[in-house]
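Visitor: This is the structure I have questions about; it appears just below.
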Amino acid sequence: MSDATIPSRALYKPRPRGVLGYGEPAAVALLFGVAALLPHLPYGGLNGPYWHGVLTGILIHTISAMGFNLLVGWAGQLGLAHAGFFALGAYGTTLLYEDGVPYLVAMVILGVICAIVGIVIAFPAARLKGFFLAIATLAFGELLVKLIELGPEMWDWLDTGASGGRSVKKVFSIGEGNGPITLYFTALIILLITYLVMLVLTRGRMGRTLKAVKDIDIATGPIGIPATRYKLVAFGISGFVAAIAGALYAQDIRFLSPAAFKDNLLVFMLVILVLGGVGRIWGPLLGAMFYILIREQLASFQILRLIIIGIALMIAILALPYGFASLPKRIQDSRFGKQIRNMPLARLFTL
Amino acid sequence: MSDGPAPLELRNLHVAFGGNRVLEGVDLTFGSGFNGLIGPNGAGKTTMFNVVSGYVAPSQGEVLLAGKDLANRSQSARVAAGIGRTFQAPKLVLDASVMENTLLGLQQRYRWGHLAELLRMPWARTEERQARRDCMNMLERFDLADVAHTEADSLPLGSQKLVEVARALVAEPPVVLLDEPAAGLGADDVTVLLRGLRGIAAETELCIVIIEHDLQLVASLCPYIAVLDFGRIISEGTPDEVTHDPAVIEAYLGHGFAARLEAESLGVTIGEDDANPGAE
C-alpha cells in the first residue's frame, strides 16, 4: 500500500462535544465524581442506608448489564445464561471467601471460571441462532441455579446451604450505623473499570468486528472474520462480568437463595438492557437507574406496583424503542432540538 | 506473467446441491489483471465464487491459489491466503461507518491481538492508524473519502456497493472476486467504479475476477472473458472471440437470434435481470 498520507483527512471519527463544549473524558470524570459524592450529600439527601442500598443496586446492575450488552447488543448473541453466571459468581465468591481466599481474589477466580464456562457453552451455542440460542442458553442458566439448589444433597463439599439458602459473611460494609460504605465505592471503582474496558473494546477493532458478527454473520467468513472465535470471546467476557457483578450482589443482599437468581432476575436484566438501549455504552446505566428507581419509588403501592411498572415500561419502550441512550440524539434531531441549537444563548455554550 | 503458477486456477470443478448439478467440470485459469465471468442467470457464476471463498464445498475438483490447493481451508484462512470478495447484495454493517466497514477488510492483517488494543499499546495504535490510512487511500480511489465517517445505512445503494468493493480491495489480496459490482449503480457510480478499478489494476498485479451482466462493460474492461452456461464453460477468450462465438449468442438469446445478431455484429447489452439463485 502506498505510504502517501492524506493529512487533511481525519482518520478517526470526530467525537461530538457536550452542551458546554467539554469533551467526553471530562463528562465521564464529572459523572463519576458526582457518583462518588452522592452518598455524602447532607441530610435529606441520599445519605441514609436505604439510599445507599438503592445506589449500590444501580451500580451492580449496571456492571452486570454492561457485560450482557457486549454479548447481546454488540455481538448480537441472545445468550440468556447471564443470570446463571451471576448466581455462580455470588455463591462461588461467598464460598471461596469462607475458605480463606481474599474476597477480591475470589471474585476474579469466579470471573475466570465463568468466562471459561461461558466459552465452553458458546462452542455449541455458536452454531445456534436467535431463538434456538436463547432457549439453549436459558436452559443452561437455569441448570446452574438448579445445581446450586440441589448440589448440597449430592456432594458434601458443596456448601451452598439447605436448598441453596445461606447467609453471606460480610466483607464490605453498607453503611450500618453511619459507618463507611465500602461496598458502594468498590462497586463504583469496578464500574469505572468495566466502563473503560467496554469503551475501548467497543470503539475499536473488537467493536466493529462484533457488529459485523451481529449484522452480516453469513458474510463474515468470506471477508476474513472468524465469527465463531468472536462469539466465544463475547460469551467469555460477558460471563466474567456477570460473575463479578454477582459477587458484589452477594455482599449487597447478604442472604443468598436460588429464588433470587431464577428467571425473574433474567427478565429484570433484559428490561434494564432494553430500556437503556441495546448496543449503547451508556444504556446499562440509564436502564438500571430508571428501573430500580421506579421500582423503589413505587414500593408502597404493593401489588399495584407491578401494574404501574408494566405500564411505565410499555410507555418507555413505545416512546423510545432504542432505549434511553438514544434520547440525546432524538432530541438533537427533533425540531425542538434544532431550535434550541439556533438560539443565541445556546451558541455561547456549544462548540 | 507466464512465469510461476496462475493466481487462480480451477480444475474440474463439480458442485451439486442435492440432485441439482450447478457446476459440471469447470476448468479455468485466471491471470493477473481483469477477468470477466459472464453467463445467463443460474449459470453457476456466484456458486463458483462461493466455492473459491469456501462457502460451498465442491463435490469434485480443486481450487488452486497461486498453485496451492485450497481444499479444507476455512473461509477466513482463504482470506488470509489472499482472496477478497464482494457480494451481489452489499453486506455492510449498516450501523458502522464507511471507514469501519472498510477496516473489516483488513481484519487478517492485524498482528496484535485485542489485549494490546485494550491496553492501548503504542504498537497496536500505530497498526490501527496505518490501517485507517490505507483505508482512507482506498476510499479516496472510489470518491468515498468525504463520507468516511458516515454511517453506512445513510448512503445510497450505489455508494454502499462501492464501499464493499473498497473493503474487498483494501488488503490488496492477490485474487479479488467482484460479484456484479456495477449492478444497480447509476452512470456516475459506474464511472467511479471503473476509474478506481483501473487505477488499482494499473498499480498492482492483482487478479480481479468480475461477474457482470453488462456485456459492454465487461468487454471494455477485461482482456479475458469466460462464459458459463448450465455449469459448463461454453466459451473463453478475448472479448472479440467470445462475443462472436455462436455458442455464446445462442446461450444468451436462443437459437433463432444467433444468425440475425451476427449480421448486426453485436453491440448489445444483455438483459439486467439479476435474480440469481445461490447469490448468498
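Each protein sequence line maps, in turn, to chains A and U. Take the first sequence: its position 112, counting from 1, is numbered 92 in this note's numbering, and each next residue is one higher. So the number in this note's numbering is just where the residue sits in the second sequence, counting from 1, plus 877. Glycine is no exception: its CB is placed at the ideal position from the N, C-alpha and C atoms. Just so it is clear, the structure is predicted and the values come from calculations on it, not from any experiment.
1) Below 8 angstroms, how does it come out for the region 42 to 54 of chain A and the region 257 to 270 of chain A: are there three or more Cβ pairs, yes or no?
2) Is any beta-carbon of chain U found at less than 8 angstroms from that of Asp195/A?
3) If you draw a straight line from the alpha carbon of Glu1082/U to that of Pro884/U, how long is it in whole angstroms?
4) Let me make sure I understand the geometry here. Which of Asn927/U, Val970/U, Ala1008/U and Gly913/U has the alpha-carbon closest to that of Leu1098/U?
5) How is the alpha helix (DSSP H) around Ala70/A delimited, first residue to last?
6) Helix, strand or coil, according to DSSP, for Ser218/A in the structure here?
7) Pull up the CB-CB distance for Leu1054/U and Ile960/U, whole angstroms please, since I reckon it's below 8 angstroms.
8) Would you identify the three-state DSSP class for Asn1153/U, choosing helix, strand or coil?
9) Got a sec: is the Cβ-Cβ distance from Met(-19)/A to anything in chain U below 8 angstroms?
10) Tell me the DSSP secondary structure of Tyr210/A in three-state form.
11) Hey, could you find the ends of the alpha helix (DSSP H) His41/A is sitting in?
12) Distance cutoff 8 angstroms, beta carbons only. Does Gly982/U sit that close to anything in chain A?
13) Ends of the beta strand (DSSP E) at Gly906/U?
14) With a threshold of 8 angstroms between beta carbons, is Arg1013/U in contact with chain A?
15) If you drop the 5 nearest sequence neighbours on each side, which residues of the same chain put their C-beta closer than 8 angstroms to that of Leu286/A?
16) I need the straight-line Cα distance from Ala268/A to Val213/A, nearest angstrom please.
17) Would you say Phe907/U faces chain A, with C-beta separation under 8 angstroms as the test?
18) Between Pro5/A and chain U, is there a C-beta pair that is closer than 8 angstroms?
19) Could you check if Gly204/A is buried or exposed, using at least 16 other CB atoms within 10 Å of its CB as the buried criterion?
20) So, are the CB atoms of Arg1009/U and Ile1077/U less than 8 angstroms apart?
21) Closest by CA to Gly944/U, which one among Thr906/U, Ala1079/U and Thr1115/U?
22) Which value, in whole angstroms, describes the spacing of the CA atoms of Gly145/A and Pro238/A?
23) Helix, strand or coil for Leu890/U per DSSP?
24) Just list the residues that DSSP pairs Val1053/U with in beta bridges.
25) Do Phe48/A and Leu245/A have their beta-carbon atoms positioned less than 8 angstroms apart in this structure?
26) Pull out every residue of the region 994 to 1009 of chain U whose Cβ sits closer than 8 angstroms to any Cβ of chain A, in chain order.
27) How would you label Trp54/A, buried or exposed, when you count the other beta carbons within 10 angstroms and need 16 or more for buried?
28) Going by Cα to Cα distance, which pick from Arg1075/U, Ala1079/U, Glu1080/U and Leu1105/U is closest to Ile1088/U?
29) Take Ile128/A and list the residues in its own chain whose beta-carbon comes closer than 7 angstroms to its own, dropping the five residues that flank it on each side.
30) What three-state label does DSSP hand Gln1007/U in the structure shown?
31) Nearest-angstrom Cα distance between Gly1073/U and Met1015/U?
32) Considering Cα atoms alone, identify which of Phe152/A, Gly69/A, Phe316/A and Phe281/A is closest to Thr36/A.
33) Inspect the CB distances between the region 184 to 194 of chain A and the region 72 to 91 of chain A and report whether three or more fall short of 8 angstroms.
34) In chain A, which residues lie less than 7 angstroms from Phe964/U when you measure between Cβ atoms?
35) From Asn918/U, Ala966/U, Asp1122/U and Arg1109/U, pick the residue whose C-alpha is nearest to that of His891/U; which is it?
36) Could you check whether the Cβ of Gly98/A sits closer than 8 angstroms to any Cβ belonging to chain U?
Guide: Answer, in terms of the structure:
1) Counting C-beta pairs closer than 8 angstroms gives three or more between the region 42 to 54 of chain A and the region 257 to 270 of chain A, which meets the contact rule.
2) Judged by the 8 angstroms Cβ criterion, Asp195/A is in contact with chain U.
3) Going by the C-alpha atoms only, they are around 10 angstroms apart.
4) Taking only the C-alpha atoms, the option nearest Leu1098/U is Gly913/U.
5) Here the alpha helix (DSSP H) through Ala70/A covers His62 to Glu78.
6) For Ser218/A, the secondary structure class from DSSP, reduced to helix, strand or coil, is helix.
7) Going by Cβ atoms, the distance from Leu1054/U to Ile960/U rounds to 7 angstroms, so yes, they are a contact pair.
8) Reliability of the predicted coordinates at Asn1153/U is poor, the pLDDT of 44 falling under 50, and the value obtained from them is presented with this limitation in mind. DSSP places Asn1153/U outside both helix and strand once states are collapsed to three, so it counts as coil.
9) Because the pLDDT of Met(-19)/A is 45, which lies under 50, any placement of that residue in the model is unreliable, and the question is left without a value.
10) Three-state result, Tyr210/A: helix.
11) For His41/A, the enclosing alpha helix (DSSP H) has its first and last residue at Pro29 to Asn49.
12) Judged by the 8 angstroms Cβ criterion, Gly982/U is in contact with chain A.
13) A small fix is needed here, since residue 906/U is Thr in this sequence, not Gly. Unbroken beta strand (DSSP E) run through Thr906/U: Asn897 to Phe907.
14) According to the sequence as given, residue 1013/U is Met; it is not Arg. Against chain A, the CB of Met1013/U has a partner CB under 8 angstroms away; the residue lies at that interface.
15) Short of 8 angstroms from the beta carbon of Leu286/A, and not among the five residues preceding or following it, lies no beta carbon of its own chain.
16) If I take the Cα positions, the gap works out to 25 angstroms.
17) With 8 angstroms as the cut-off, Phe907/U does not count as an interface residue toward chain A.
18) No, no contact with chain U.
19) Buried, because 16 or more other Cβ atoms sit within 10 Å of the Cβ of Gly204/A.
20) Going by C-beta atoms, Arg1009/U is not nearer than 8 angstroms to Ile1077/U.
21) The shortest C-alpha separation from Gly944/U is found at Thr906/U.
22) Taking the straight line from one Cα to the other gives about 7 angstroms.
23) In the three-state reduction of the DSSP assignment, Leu890/U falls in the strand class, which pools E and B.
24) DSSP output for Val1053/U lists Gly961/U and Ile1085/U as bridge partner(s).
25) No, these two residues do not count as a Cβ contact at 8 angstroms.
26) If you check each beta-carbon in the region 994 to 1009 of chain U against every beta-carbon of chain A, the ones closer than 8 angstroms belong to Glu994, Leu995, Arg997, Glu1005, Arg1006 and Arg1009.
27) Buried, by the Cβ-count rule.
28) Of the residues Arg1075/U, Ala1079/U, Glu1080/U and Leu1105/U, the one whose Cα lies closest to the Cα of Ile1088/U is Leu1105/U.
29) Contacts found: Ala67, Tyr71, Thr140, Gly144 and Pro238.
30) When DSSP states are grouped into helix, strand and coil, Gln1007/U belongs to the helix group.
31) If I take the Cα positions, the gap works out to 9 angstroms.
32) Nearest of Phe152/A, Gly69/A, Phe316/A and Phe281/A to Thr36/A, Cα basis: Phe152/A.
33) No, the region 184 to 194 of chain A is not in contact with the region 72 to 91 of chain A.
34) For Phe964/U, the neighbours in chain A by C-beta distance under 7 angstroms run, in chain order, Ala199.
35) Of all alpha-carbon atoms in Asn918/U, Ala966/U, Asp1122/U and Arg1109/U, the one lying nearest the alpha-carbon of His891/U is that of Arg1109/U.
36) No, its Cβ sits nowhere closer than 8 angstroms to a Cβ of chain U.
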